[in-house]
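Accompanying notes for the structure given below.
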Amino acid sequence: CTSGSATACQSAIRGDFDEVRRLATSGLVKARDELNRTIIMLTADTDWTPPQTGKCIEYFLNLGAEPQAVELSSGDTAAHMAARRDHLRVLALLPFRAKWQVNESSRTPLMEAAKSGCWRCAKHLLHLLRQAKFVQVSRGGRGGGRYGSRGRVELLKMQDESGRTAQDLATDSGHFELARIIERERRLVVSFNGAGSIKGLSSTEMECATSPLEQLIESSNWSGLLEDANRVNCDLPDRDGWTPAMRAFKSAACPTAVLQRLADLADVSCSNVWGVSCLHRAASAGAPPSSLAILLDLGAPVNAVDEDNRTPLMLLATTGMTTAEATLAARSLLSGGADWDNSSSCLAQVTPLRLAVEARNHELVALLLPYQHKKFFEESLKMNCCRDSLRCLAAELLGRQRAWQLTAAGRLPAVLIEFVSQHVAGCFGCGVCLDDESDS
Numbered sequence: 001c002t003s004g005s006a007t008a009c010q011s012a013i014r015g016d017f018d019e020v021r022r023l024a025t026s027g028l029v030k031a032r033d034e035l036n037r038t039i040i041m042l043t044a045d046t047d048w049t050p051p052q053t054g055k056c057i058e059y060f061l062n063l064g065a066e067p068q069a070v071e072l073s074s075g076d077t078a079a080h081m082a083a084r085r086d087h088l089r090v091l092a093l094l095p096f097r098a099k100w101q102v103n104e105s106s107r108t109p110l111m112e113a114a115k116s117g118c119w120r121c122a123k124h125l126l127h128l129l130r131q132a133k134f135v136q137v138s139r140g141g142r143g144g145g146r147y148g149s150r151g152r153v154e155l156l157k158m159q160d161e162s163g164r165t166a167q168d169l170a171t172d173s174g175h176f177e178l179a180r181i182i183e184r185e186r187r188l189v190v191s192f193n194g195a196g197s198i199k200g201l202s203s204t205e206m207e208c209a210t211s212p213l214e215q216l217i218e219s220s221n222w223s224g225l226l227e228d229a230n231r232v233n234c235d236l237p238d239r240d241g242w243t244p245a246m247r248a249f250k251s252a253a254c255p256t257a258v259l260q261r262l263a264d265l266a267d268v269s270c271s272n273v274w275g276v277s278c279l280h281r282a283a284s285a286g287a288p289p290s291s292l293a294i295l296l297d298l299g300a301p302v303n304a305v306d307e308d309n310r311t312p313l314m315l316l317a318t319t320g321m322t323t324a325e326a327t328l329a330a331r332s333l334l335s336g337g338a339d340w341d342n343s344s345s346c347l348a349q350v351t352p353l354r355l356a357v358e359a360r361n362h363e364l365v366a367l368l369l370p371y372q373h374k375k376f377f378e379e380s381l382k383m384n385c386c387r388d389s390l391r392c393l394a395a396e397l398l399g400r401q402r403a404w405q406l407t408a409a410g411r412l413p414a415v416l417i418e419f420v421s422q423h424v425a426g427c428f429g430c431g432v433c434l435d436d437e438s439d440s
């Protein structure tokens, strides 16, 4: 790679999208360094990156980066490298096919994660195979996936050149808890006959694992939840694929410290059979920004889509909640790289803004309105803390005094009257508002 490529890679690792956008070209994202590695491979081969790195990776892919490109000597892809480093953020953004390629040792990224004890990436790959959009399972556990998958059972039984499965590699490397997780996942039977269905665990296992956690969540017994939750049971699915961790993130009463502990044990990228992720669940429930930040910080993809191509921001927009906390939650998603124009969705006309308008979510409409004619990859991630907010929008457009005069005279539409009256009066200490007192 060129020096520009190395600089762009370091910028992506820092989450500096402005610098990435300045440096990256379609040629650069396909270039290779002296070890034959691409920019996505280099970014994947790190331990952790901030949420903003997600938009950088999406930009590389948008420019034509090849996620299935291999490093010639080992046959490794970016997915193999991410899996060995437990770099969930990068792995989660790669296409499904790239996540199941084999390298020169005939190992998939799941096998590499199992051998290295990288449980976050191992869980992510295992849990993908619970989703209808990735694996369509027919009788006997076999079937062709929508993306050409050889079926859930075949993928989990794949062997490397030594004849070892992912479970074998985890066991041989001393990662016994991870081997247990893989073994349980292999026993699950997933079917999609009009409605998703996950079976395979014995009634005793369900009674001893999932049910107690759900009861603790329902009774708000947070100390008991902290004591009983572990890496094995917090991701066990019910019939529809909901896990105890996902239920906890939907609970408005669950303390942040408890959610942080669960996120440290669970797969934050996990989805149910229809692709509704933990982040979808939290956003649609109006979870506080602190809850969303926990998921984003640990690698949950902010633009993951469900079966209806809805992102977490879109689900938040449909709730109709107009509380300040809901608006802060939307801001948290946007600052983490949420796509406001749905450029990655086949439902390009159904944007979060349109959904917010239909839900009469006036505060979110005002937050998203400045982005209406802006393309996702053409805009910075650095959001002005004031200029985007609802209370400052009226003041910026009209001037504070003018806004009040027009409101009193009944010359503003009802929606504007509502947000001006609620927010302009309370806008103190803001340079944009305080400096703009003119009537023009």
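All the letters of the sequence shown, read from the start, carry residue numbers 1 to 440 under UniProt numbering. By construction, the Cβ of each residue, glycine as well, lies at the ideal position given by its N, Cα and C atoms.
Per DSSP, the unbroken alpha helix (DSSP H) holding residue 53 starts and ends at 53 to 62.
By the 16-neighbour rule on beta-carbons within 10 angstroms, residue 177 is exposed. Between the C-alpha atoms of residue 156 and residue 184 there is a straight-line separation of about 11 Å. The count of Cβ pairs closer than 8 Å, one atom from the stretch 158 to 175 and one from the stretch 332 to 339, stays below three, leaving the stretches out of contact. When DSSP states are grouped into helix, strand and coil, residue 123 belongs to the helix group. Counting along the chain, residue 224 sits inside the alpha helix (DSSP H) bounded by residues 222 to 228. In the structure shown, residue 341 falls within a coil segment according to DSSP collapsed to helix, strand and coil. Note that the C-beta distance between residue 381 and residue 330 is not below 8 Å.
In the structure shown, the three-state DSSP call for residue 350 is coil. Rounded to the nearest whole angstrom, the C-alpha separation of residue 231 and residue 266 is 6 Å. Residue 13 and residue 53 do touch by the CB rule: their CB atoms are close to 6 Å apart, below 8 Å. One alpha carbon belongs to residue 131, the other to residue 181, and they sit about 18 Å apart. The Cβ neighbour count for residue 99, taken over all protein chains shown within 10 Å, is at least 16; the residue is labelled buried. Judged by beta-carbon spacing, residue 121 lies within the 8 Å limit of residue 86, meaning their Cβ atoms are closer than that value. By the C-beta density criterion, residue 35 is exposed, having fewer than 16 other C-beta atoms within 10 angstroms. With contacts defined by Cβ atoms closer than 8 Å, residue 275 and residue 375 do not form a contacting pair. Pairing residue 326 with residue 286, the inter-Cα distance amounts to about 6 Å. Under DSSP, residue 197 shares a beta bridge with 191.
Take residue 45, set aside five residues on each side of it, and the residues of its chain with a beta-carbon closer than 7 Å to its own are 81, 85, in chain order. Residue 299 is positioned such that its CB atom lies closer than 8 Å to that of residue 88. Cβ contact annotation for residue 179 (same chain, cutoff 6 Å, sequence separation greater than five): 167, 170, 171, in chain order.
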